[in-house]
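Note sheet for the following structure.
Numbering (our numbering), first residue to last: 929 to 1021.
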């Protein structure tokens, strides 16, 4: 009982302690200020260029809906295939 309670308290403490630096980081990102991951900007621009994405333009609600449904369909198919082939996958007990 005590170890379980200690584990819960430790997890809450870690969450609260990490909330402040992550919150500051997210605020810097949304404000457009410099942050620790700015060195990844060339890779980000390359991914945008390959994907044909304009990072300055927002998506409409229709584009957002299509993206949401597409990614949900992809994950559904992946999960379905995993469940269908579960018996023949390696490391299956």
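Idealized CB from N, CA, C, for every residue including glycine.
Please read all numbers here as calculations on a predicted model, not as lab measurements.
Grouping DSSP H, G and I as helix and E and B as strand, with all else coil, what is residue i?
i: residue 935; result: helix
i: residue 1030; result: Only positions 929 to 1021 of the chain appear in the structure, and residue 1030 is not among them; the question remains open.
i: residue 995; result: helix
i: residue 1017; result: coil
i: residue 977; result: helix
i: residue 943; result: helix
So, for residue i: in the same chain, excluding its five sequence neighbours on each side, which residues have a beta-carbon less than 7 Å away from its beta-carbon?
i: residue 963; result: 953, 956, 957
Spatial neighbours of residue i within its chain, please: CB distance less than 8 Å, with the 5 preceding and 5 following residues excluded, ordered by chain position.
i: residue 960; result: none
Which same chain residues end up closer than 6 Å to residue i when comparing Cβ atoms and leaving out the 5 residues on each side of it in sequence?
i: residue 965; result: none
Segments assigned beta strand (DSSP E), at least 3 residues, entirely inside the region 949–974: none
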